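Structure first, then comments.
Take a look at the structure:
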């Protein structure tokens, strides 16, 4: 099962979001008829319908069995996209990608692979492509992680 | 553009979610290359990677008035011991028989049931009588 999200807005700008578990074989366009049926029942405007699609060919990575490595520890890669910036964060980063001052060593083979791949696909929320890597650093501050 | 959501898990069972905006004109393989590079640079494991596909359509305008998105019609489904709920915010008054009960014979509800069964491939089970609930008043203001 995967998830479809429906976002409604009423005439007073109140928002309601509702999710449904849909069959794996369904895609966004399969929900077109359902959308019209839901809209027929509501005085709010059904503004958006989104579907979570698993990335094709994605295979799980491997976790390194060592309790000392935590997703609270992060490597942040900062990219420039026109006049804006985009940050890509990697939790539990391999320590070898950092310099002694805990900045990211962009020449390290693992870091350079991330940078190279990110420059192909990353964008800002306005759709501007990232064009260059600016700098990277490590953050050890506990975040919003939760127990699975 | 589309959102790539990446769920990570470390050896202690702690999870973290990363969201990135990616160019939807790029091939899926390019996004996979990024995930491969990120995984190699991490001691954690990527457990799940999804993109959000948006349905393209022209929304119908909301009906003016006091209709509130926090006022909802609940359409429950039962499959063995599991219950699922389909929600319709700001339900049209003419679907309601009285203040709390819906007219479950109305064609709009039976049509909805047909579509729910189709998109879930029957996983939600059987539709139960729909009802209105005004318990959830905390709609978010845009």
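Protein chains in written order, with our numbering: chain A, 1 to 148; chain B, 149 to 290. C-beta: ideal position from N, C-alpha, C; glycine also. Quantities reported herein were computed from a predicted structural model and do not represent experimental measurements.
Residue i, DSSP secondary structure in three states
| i | result |
| --- | --- |
| residue 121 of chain A | helix |
| residue 45 of chain A | strand |
| residue 203 of chain B | coil |
| residue 16 of chain A | strand |
| residue 176 of chain B | helix |
| residue 189 of chain B | coil |
| residue 33 of chain A | helix |
| residue 244 of chain B | strand |
| residue 129 of chain A | strand |
| residue 258 of chain B | helix |
| residue 25 of chain A | coil |
| residue 209 of chain B | coil |
| residue 86 of chain A | strand |
| residue 267 of chain B | helix |
| residue 236 of chain B | strand |
Where residue i meets chain B, residues with beta-carbon distance less than 8 Å
| i | result |
| --- | --- |
| residue 49 of chain A | 202, 203, 205 |
| residue 29 of chain A | 203 |
| residue 78 of chain A | Ordered by position in chain B, no residue passes the 8 Å Cβ test against residue 78 of chain A, which lies about 13 Å from the chain. |
| residue 162 of chain A | Shown here, chain A extends from 1 to 148; a query on residue 162 of chain A therefore has no answer. |
Per DSSP, the bridge partner or partners of residue i
| i | result |
| --- | --- |
| residue 56 of chain A | DSSP, once it has assigned bridges, lists no residue as partnering residue 56 of chain A. |
| residue 91 of chain A | A:74 |
| residue 164 of chain B | B:156 |
| residue 279 of chain B | B:222, B:249 |
| residue 5 of chain A | A:19, A:50 |
Cβ-Cβ separation, residue j to residue i (assumed contact under 8 Å), whole Å
| i | j | result |
| --- | --- | --- |
| residue 90 of chain A | residue 186 of chain B | 5 Å |
| residue 239 of chain B | residue 41 of chain A | 6 Å |
| residue 19 of chain A | residue 162 of chain B | Wrong, their Cβ atoms sit about 24 Å apart, outside the cutoff. |
Straight-line Cα distance separating residue j from residue i
| i | j | result |
| --- | --- | --- |
| residue 38 of chain A | residue 59 of chain A | 35 Å |
| residue 103 of chain A | residue 135 of chain A | 8 Å |
| residue 96 of chain A | residue 65 of chain A | 17 Å |
| residue 290 of chain B | residue 46 of chain A | The predicted model places residue 290 of chain B with a pLDDT of 47, which falls under 50 and marks its position as unreliable; any figure quoted below should be read in that light. Answer to the nearest angstrom: the Cα atoms are 14 Å apart. |
| residue 216 of chain B | residue 165 of chain B | 32 Å |
| residue 287 of chain B | residue 68 of chain A | Any reading at residue 287 of chain B is ruled out, since the residue's pLDDT is 47, under 50, leaving its predicted position unreliable. |
| residue 267 of chain B | residue 137 of chain A | 45 Å |
| residue 256 of chain B | residue 156 of chain B | 42 Å |
Contact set between residue i and chain A, taken where Cβ atoms lie within less than 8 Å
| i | result |
| --- | --- |
| residue 263 of chain B | 33, 34, 37 |
| residue 256 of chain B | 37, 40, 41 |
| residue 237 of chain B | 8, 10, 16, 18, 42, 44 |
| residue 208 of chain B | 39, 45, 46 |
Amino acids of chain A, ordered along the chain, whose beta-carbon sits closer than 7 Å to that of residue i
| i | result |
| --- | --- |
| residue 190 of chain B | 90, 91, 92, 93, 94 |
| residue 240 of chain B | 41, 42, 43 |
| residue 195 of chain B | 60 |
| residue 221 of chain B | 41 |
Partners in chain B for residue i, counting only beta-carbon separations shorter than 7 Å
| i | result |
| --- | --- |
| residue 134 of chain A | Chain B residues near residue 134 of chain A: none, gap ~16 Å exceeds 7 Å. |
| residue 103 of chain A | Those do not exist, as residue 103 of chain A stays about 15 Å from chain B at its closest Cβ, beyond 7 Å. |
| residue 53 of chain A | 198, 199, 201 |
| residue 110 of chain A | 188, 189 |
Where residue i meets chain A, residues with beta-carbon distance less than 9 Å
| i | result |
| --- | --- |
| residue 268 of chain B | 1, 20, 21, 22, 23, 26 |
Contact list for residue i against chain B, beta-carbon separation under 9 Å
| i | result |
| --- | --- |
| residue 118 of chain A | 168, 182, 185, 186 |
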